[in-house]
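Chains as they are written, first to last, in our numbering: chain A, 172 to 466; chain B, 172 to 466.
Using N, Cα and C, we set each Cβ at its ideal position, and we do this for glycine too.
Just so we're clear, the structure is a prediction, and the values are computed from it rather than from any experiment.
A short worksheet on the structure shown next.
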DNA sequence: CATCATTTGTGCGTATGTATC
DNA sequence: AGATACATACGCACAAATGAT
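Written out as structure tokens, the structure is:
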């Protein structure tokens, strides 16, 4: 039994279902109001589905629909066998996008000291489906449509792909990172058909220097968007089962004449991370005196 | 009748439900594979729910659950009376976050020429619930917990709030913008209790100059995160009913000693917009030679 | 450790409403 | 007007997870 017991007297407004609106939508609105009013506090358990069904004079499937909607909005967390709980307000860590002149750090380089930054590599459930392929191991393969679009090539083009899952040591929040480099810039392809194989010219640690040598001075573009997790992403990143988008941060490395050479992306649960944009104050004493959002 | 007719022969793999996994999850995976394999093309209608139920030898509610999941992942769009369709791959417009030295533009200033930038103001369904409050009209009120957290004040603090809904003239994509200014910096509060009222020192057009005079040189911080739409947001921004996050871009104006004075935010459907970070090349001839993602 | 009550998850059948073409 | 498609709502039964006893 939950600690509190709602009675119709304490409930605001009238009974739902009177108008043409669907009953479950009415209940959704009632409950959402109760949440924003603070009638239910973060972390608190809601009454059981059966109790809510009795209270709203409807059936359990209808209440479940309303709860599912609020969970999809990120307001509730439903836990099998335990109950339904009010989600805590997200407390997000910053991922900084920094542009400037100076030393660079490739997150996916073996030289990058992730532990010093508070992270550790982790294995994830979907590793089981990737027989023998280890994190950060360079993998040469045909890129998908997504990567092809970014790199400006056809989707059969060969890229060197590296990836890793990291977990923040303290918060245990997880992210996924990967890097896609056009294969022809860091090695050569020999042979045809099944015999086709890749001979690297450089090791991952030296990719940046190698590319800068051939195509520099380099340019960079960074974008941020969001999408809903699909497939194994929720388990791999240990996300809430519903109601949490994935923040996708992409950094594209361009040659001096604007051709894409490589891109690195970070996938992070949007309830635990946000991106922030800054610029290098070290190289110039004058701080920026404006920040424009252009559409 | 849809143009194609799936038969068990053309279906990959085996029948679902044999293992411990839920049937609807199995079906979700089957269908997701069919989508990524290109068996179903973007824009194409899927077979009806009853047909799918027959095909997978299950009931319509179970198929509906699978379809609902894929819609929540942003892969399908369900349309009452018409059918279920494969969503097109998102084509996103850029919202540029630009830092540098030079002239600034306040998106919510009456002086901003939105039409020249390809936008027009629109009224939205939820206007009906905001009796008499017009877009861009400065409104003095107690700020909520969200704004209070950003501005570093308590949630009863008085702020000047302005907002607007814009629609892109060509794509008809919509965004919501608002600005929250700490009231004491642009006017004075007089009286107590019900008689309490706000006397402005400056007009919205002059807010920037006014604040820069008193607190400059100003600093700026910009962040990007994502959340799921709630309440009227889906209708107001004409978003897909499910499976689309909202991208939230916030720009905080800080006094020279780091106190928040104002913040502007943009809410944009994440399937139609992405944020990109750049810096002012005009003020310095040297392009940035690196872009770091710091965690 | 086993058992039990509670709570959510899954699946089906059925009926009816409503939007679209 | 009719056919087709998705939407809503209810009832029922049983499974599975959890936490307390």
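query	result
Cutoff 7 Å: residue 295 (chain A) Cβ touching any chain B Cβ	no
Closest by C-alpha distance to residue 445 (chain A), when choosing among A:429, A:417, A:423, A:212	A:417
Where the beta strand (DSSP E) containing residue 432 (chain B) begins and where it ends	431–440
Secondary structure of residue 320 (chain A), DSSP reduced to three states	helix
Residue 300 (chain A) classed as buried or exposed, judged by whether at least 16 other C-beta atoms fall within 10 angstroms	exposed
Backbone CA spacing between residue 372 (chain B) and residue 348 (chain B) [nearest angstrom]	23 Å
Candidates B:332, B:287, B:284, B:322, of which the one nearest residue 305 (chain B) by Cα	B:332
Contacting positions in the region 187–215 of chain A - beta carbon closer than 7 Å to chain B	203
Cβ neighbour criterion (16 or more within 10 Å) applied to residue 465 (chain A)	exposed
Whole-angstrom C-beta distance between residue 438 (chain A) and residue 419 (chain A), which should lie under 8 Å	6 Å
Test item: CB-CB of residue 290 (chain A) and residue 339 (chain A) under 7 Å	yes
Members of the region 402–419 of chain A that neighbour chain B once the beta carbon cut-off is set at 9 Å	402, 413, 414, 415, 416, 417, 418, 419
Spatially closest choice to residue 211 (chain A) from A:365, A:246, A:334, A:230, by CA coordinates	A:246
When A:298, A:384, A:243, A:204 are compared against residue 400 (chain B), the one with the closest alpha-carbon	A:243
Residue 381 (chain A) at chain B interface by Cβ criterion, 7 Å	no
Neighbour list for residue 323 (chain A) in chain B, Cβ cutoff strictly below 7 Å	Within 7 Å Cβ-Cβ: nothing; residue 323 (chain A) doesn't reach chain B, min ~16 Å.
Cross-strand partners of residue 313 (chain A) (DSSP beta bridge)	A:329
Buried or exposed by the 16-neighbour rule on C-beta atoms within 10 Å, applied to residue 258 (chain A)	buried
Span separating the alpha-carbon of residue 221 (chain A) from that of residue 319 (chain B)	37 Å
Cutoff 7 Å: residue 249 (chain A) Cβ touching any chain B Cβ	no
Per-residue contacts from residue 466 (chain A) into chain B (C-beta, under 7 Å)	266, 288, 290
Same chain only: Cβ atoms within 6 Å of residue 448 (chain B), ignoring 5 sequence neighbours per side	268
Chain B contact residues for residue 395 (chain A), given Cβ-Cβ distances below 7 Å	395, 445, 446
Residues that residue 338 (chain B) bridges to, as DSSP identifies them	B:291, B:345
Under 7 Å from the C-beta of residue 229 (chain B): neighbouring residues of chain A	Going along chain A, no residue has its Cβ under 7 Å from residue 229 (chain B), so there is no contact; the nearest lies around 17 Å.
Partners in chain B for residue 237 (chain A), counting only beta-carbon separations shorter than 8 Å	None at all; the shortest Cβ gap to chain B is about 13 Å.
For residue 353 (chain A), the nearest candidate out of A:279, A:344, A:328 (CA to CA)	A:328
Distance between residue 431 (chain A) and residue 321 (chain A) (C-alpha atoms, nearest Å)	8 Å
Under 9 Å from the C-beta of residue 365 (chain A): neighbouring residues of chain B	Going along chain B, no residue has its Cβ under 9 Å from residue 365 (chain A), so there is no contact; the nearest lies around 22 Å.
Residue 233 (chain A): first and last residue of the uninterrupted alpha helix (DSSP H) it sits in	231–243
Interface flag, residue 299 (chain B) vs chain A, CB-CB below 7 Å	no
Buried or exposed by the 16-neighbour rule on C-beta atoms within 10 Å, applied to residue 241 (chain B)	buried
C-alpha gap between residue 365 (chain A) and residue 311 (chain A), whole angstroms	14 Å
Reduced DSSP secondary structure (H/G/I, E/B, other) of residue 364 (chain B)	helix
Residues sharing a beta bridge with residue 259 (chain B), DSSP	DSSP output for residue 259 (chain B) lists no bridge partner at all.
Short-range partners of chain A found in the region 336–352 of chain B, where Cβ spacing is below 7 Å	none
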